[in-house]
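Enquirer: What follows is a single structure, and I will ask about it in a moment.
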Amino acid sequence: MTRSLTPARVASERPTEADWTAAVTALHRAEEVALLCHVSPDGDALGSLLGLQQTLLPLGKSVVASFGSDPFVVPPAYSELPGVDLLVRPEQFPAAPDLLVTFDTGSQDRLGALADRVHTAREVLVIDHHASNTRYGTLHLIDRAAAATAVLVEELGRRLGTALTPEIAAPLYAALATDTGSFKYAATTPETHYLAARLLATGIRHDLLSRRIWDQNPFGYIRLLGVALGRAVLEPAAVGGLGLIWTSVGAPELVAHGLTLEQLEGIIDVVRTAEEAEVAVVCKGDVDGSIRVSTRSKGEIDVGAVCSYLGGGGHRLAAGYTSYADVAATMAALRERLADAEYVGLGDEA
Ligand code: 5GP
Ligand code: MN
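In terms of my numbering, the sequence shown opens at residue 896 and continues consecutively.
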């Protein structure tokens, strides 16, 4: 099968007034709203979902929220966010929702076990910032320039006429801070900081939120990080001479250190700091035998396109996919794609 190296860039640049009106009308009309984010949710996926959940509840809506991961685990960094206790397991998610809203999910398959709800729901509102979004909904709020999906959720809340509360602001802050790499990535604009200021003005404890997300790990993570870093390989000739750094963690090691896959999100952030490598890769073995591959680029290579080709997707500088081969074969295939990857130059999109 030949697949294009270029992800489908069909999304219009940003939502139109008609898009906003349609989304607001659908939410005002619906009595029950079903919320879904992508599997193995990160801060933006979960934070955006919880932000809208906390926006809709005071409006008297019945809200049900979940994600299609198996096992169903909320990453510990986010487990104390408002509304996490209201999440339902995938089995309890409605079979045919009236209005389904998805968050930070560029394509339907990223909804995992709950992907079929896109077809069974009467109406599907897609809220996202992935350039590769396939527009699989009936209503869309997609802004590829947005620093996080949470930016769109906050604007939606404003247009619904709700005031920010700490319960809404905490998950949205977690989303914004994680997807901007603590306000460091290129998509961070003055508007991003104005939004952060509005969120902080509600009185949320951003220091505690940040500590939970970045500065608090079980001892097993420290040990496993050491193992992963000790095993890192630098390949200066890879990626057409731009350099590759990669490492791997096996499923048995995860179990031995008492960790879940979701807790390994931070390893790539250390690995990618190697100045000799344009691209960084971490292969994380899952207990089902598959490998979750995380990739990062410093800006010259579009890893989103590479990962789309290999069955996944993401952003230009941060992307991933699932591999069903072993580590050696996974890396061989990835190395080959990276050698052929188009030089794109420093882009404007994180
Ligand atoms: P991470 O390496 O943190 O798991 O993922 C980085 C980014 O790549 C995520 O924000 C997400 O947008 C995207 N991504 C990761 N894995 C997949 C995948 O399997 N499919 C798609 N479509 N996107 C992915
Ligand atoms: Mn995400």
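All C-beta atoms, glycine included, are put in the ideal place defined by N, C-alpha and C.
1. Ligand 2 and PRO936: does the residue's C-beta get closer than 8 Å to at least one heavy atom of that ligand?
2. Using the C-alpha atoms, what's the distance from ALA1010 back to VAL928?
3. Taking 8 Å as the cut-off, is the CB of ASP939 close to at least one heavy atom of ligand 2?
4. Opposite PHE996 in the DSSP bridges: which residues?
5. Let me know the beta strand (DSSP E) ranges lying completely inside the segment 1146–1190, each 3 residues or longer, listed in chain order.
6. Could you give the C-beta distance for SER1143 and CYS1178, rounded to a whole number, given that I count them as a contact under 8 Å?
7. In the segment 933–1018, which residue ranges form an unbroken alpha helix (DSSP H) of at least 4 residues, counting only runs that do not cross its ends?
8. Along the chain, where does the alpha helix (DSSP H) that runs through LEU1103 open and close?
9. Among HIS1210, GLY1184, SER1192 and PRO966, which residue has its Cα nearest to the Cα of THR1225?
10. Would you grab the beta carbon distance between GLY1098 and PRO1061 for me? Rounded to a whole angstrom, and I think it's under 8 Å.
11. Over what stretch of residues does the alpha helix (DSSP H) that includes THR920 continue unbroken?
12. Within 8 Å: the Cβ of HIS1014 and any heavy atom of ligand 2?
13. Which stretch, first to last residue, makes up the beta strand (DSSP E) that contains VAL1144?
14. Excluding the 5 residues preceding and the 5 following THR1015 in the sequence, name in chain order all residues of the same chain whose CB lies nearer than 8 Å to its CB.
15. Give the DSSP-derived three-state secondary structure of LEU1212 in the structure shown.
16. With hydrogens ignored, establish whether the beta-carbon of ARG895 is closer than 8 Å to any heavy atom of ligand 1.
17. Using a Cβ-based criterion (distance less than 8 Å to any ligand heavy atom), does ASP1074 qualify as near ligand 2?
18. Taking 8 Å as the cut-off, is the CB of HIS1101 close to at least one heavy atom of ligand 2?
19. Can you find the residues in the same chain that come closer than 6 Å, C-beta to C-beta, to GLY978, ignoring five residues on each side of it along the sequence?
20. Residue range of the alpha helix (DSSP H) that GLU1088 falls in?
21. Taking 8 Å as the cut-off, is the beta-carbon of ASP999 closer than that to any non-hydrogen atom of ligand 2?
22. State the Cα-Cα distance for the pair HIS1152 and PHE998, rounded to the nearest angstrom.
23. Give the DSSP-derived three-state secondary structure of VAL1122 in the structure shown.
24. Is it buried or exposed, PHE988, if we count other Cβ atoms within 10 angstroms and call 16 or more buried?
25. Give the secondary structure of TYR1204 by DSSP, where H, G and I count as helix, E and B as strand, and everything else as coil.
26. Do GLY1180 and ALA1045 have their C-beta atoms within less than 9 Å of each other?
27. For LEU1020, which residues in the same chain have their Cβ closer than 8 Å to its Cβ, ignoring the five residues on either side in sequence?
28. Can you grab the Cα-Cα spacing for the pair ARG1053 / ILE1140, in whole Å?
29. Answer yes if the segment 1121–1135 comes into contact with the segment 1161–1171, meaning at least three C-beta pairs across the two stretches below 8 Å, and no otherwise.
30. Report buried or exposed for ASP937, applying the criterion of at least 16 other Cβ atoms within 10 angstroms of its Cβ.
Expert: Result, derived from the coordinates:
1. Position 41 of the sequence shown holds residue 936. Result yes, Cβ under 8 Å from ligand 2.
2. Position 33 of the sequence shown holds residue 928. Position 115 of the sequence shown holds residue 1010. C-alpha separation (whole angstroms): 16 Å.
3. The residue labelled residue 939 in the question sits at position 44 within the sequence shown. At a threshold of 8 Å, ASP939 counts as near ligand 2, since its beta carbon sits closer than that to one of the ligand's heavy atoms.
4. Residue numbering aside, residue 996 sits at position 101 when the sequence shown is read from its first letter. According to the sequence displayed, residue 996 carries Val and not Phe. Bridge partners of VAL996: LEU930 and LEU1020.
5. Taken in chain order, the complete beta strand (DSSP E) segments of 3 residues or longer contained in the segment 1146–1190 are 1174–1180.
6. Along the sequence shown, one-based indexing puts residue 1143 at 248. Along the sequence shown, one-based indexing puts residue 1178 at 283. 4 Å between Cβ atoms; contact.
7. 938–951 and 1012–1015
8. Position 208 of the sequence shown, counted from the first residue, corresponds to residue 1103. From DSSP, the alpha helix (DSSP H) with LEU1103 extends over 1101–1109.
9. The residue given as residue 1225 occupies position 330 in the sequence shown. Nearest of HIS1210, GLY1184, SER1192 and PRO966 to THR1225, Cα basis: GLY1184.
10. Within the sequence shown, the letter at position 203 stands for residue 1098. Within the sequence shown, the letter at position 166 stands for residue 1061. Sure, about 6 Å apart at Cβ, within 8 Å.
11. In the sequence shown, residue 920 corresponds to position 25, counting from 1. Start and end: 912–924.
12. Mapped onto the sequence shown, residue 1014 falls at position 119. No, Cβ of HIS1014 sits at least 8 Å from all heavy atoms of ligand 2.
13. Translated into positions along the sequence shown, residue 1144 becomes position 249. Where VAL1144 is concerned, the enclosing beta strand (DSSP E) stretches over 1139–1144.
14. In the sequence shown, residue 1015 corresponds to position 120, counting from 1. Closer than 8 Å at the Cβ level, and outside the excluded window around THR1015, lie ALA990, ALA991 and PRO992.
15. Within the sequence shown, residue 1212 is the residue found at index 317, counting from 1. The answer is coil: DSSP assigns LEU1212 none of H, G, I, E or B.
16. In the structure as shown, the chain begins at 896 and stops at 1245. Residue 895 is therefore absent and cannot be evaluated.
17. Here residue 1074 is taken as the residue at index 179 of the sequence shown, counted from 1. The answer is yes for ASP1074.
18. Taking the first residue of the sequence shown as position 1, residue 1101 is located at position 206. False, no ligand heavy atom lies under 8 Å from that Cβ.
19. Taking the sequence shown and counting its residues from 1, one reaches residue 978 at position 83. Around GLY978: LEU945, GLN948 and GLN949.
20. As a first step, residue 1088 must be located in the sequence shown, where it is residue number 193. In the sequence under discussion, the amino acid at residue 1088 is His, which differs from the Glu named in the question. Per DSSP, HIS1088 belongs to the alpha helix (DSSP H) from 1085–1095.
21. Start at 1 with the first residue of the sequence shown, and residue 999 comes out as number 104. True, at least one ligand heavy atom lies under 8 Å from that Cβ.
22. Sequence index remark: in the sequence shown, residue 1152 carries index 257 (1-based). Sequence index remark: in the sequence shown, residue 998 carries index 103 (1-based). In a straight line, the C-alpha of HIS1152 is about 31 Å away from that of PHE998.
23. Sequence index remark: in the sequence shown, residue 1122 carries index 227 (1-based). Here VAL1122 sits in helix by DSSP.
24. Against the sequence shown, residue 988 aligns to sequence position 93. So PHE988 ends up on the buried side.
25. Counted from its first residue, the sequence shown places residue 1204 at position 309. TYR1204: helix per DSSP, three-state reduction.
26. Along the sequence shown, one-based indexing puts residue 1180 at 285. Along the sequence shown, one-based indexing puts residue 1045 at 150. No, the pair does not count as a contact, with Cβ atoms beyond the cut-off.
27. Reading the sequence shown from its first residue, position 125 is the one you call residue 1020. Correct list, in chain order: ALA918, ALA921, LEU922, LEU994, LEU995, VAL996, THR997, GLY1032, THR1033, LEU1034, HIS1035 and LEU1036.
28. Indexing the sequence shown from 1 puts residue 1053 at position 158. Indexing the sequence shown from 1 puts residue 1140 at position 245. About 43 Å.
29. yes
30. One-based indexing of the sequence shown puts residue 937 at position 42. Buried is the call here.
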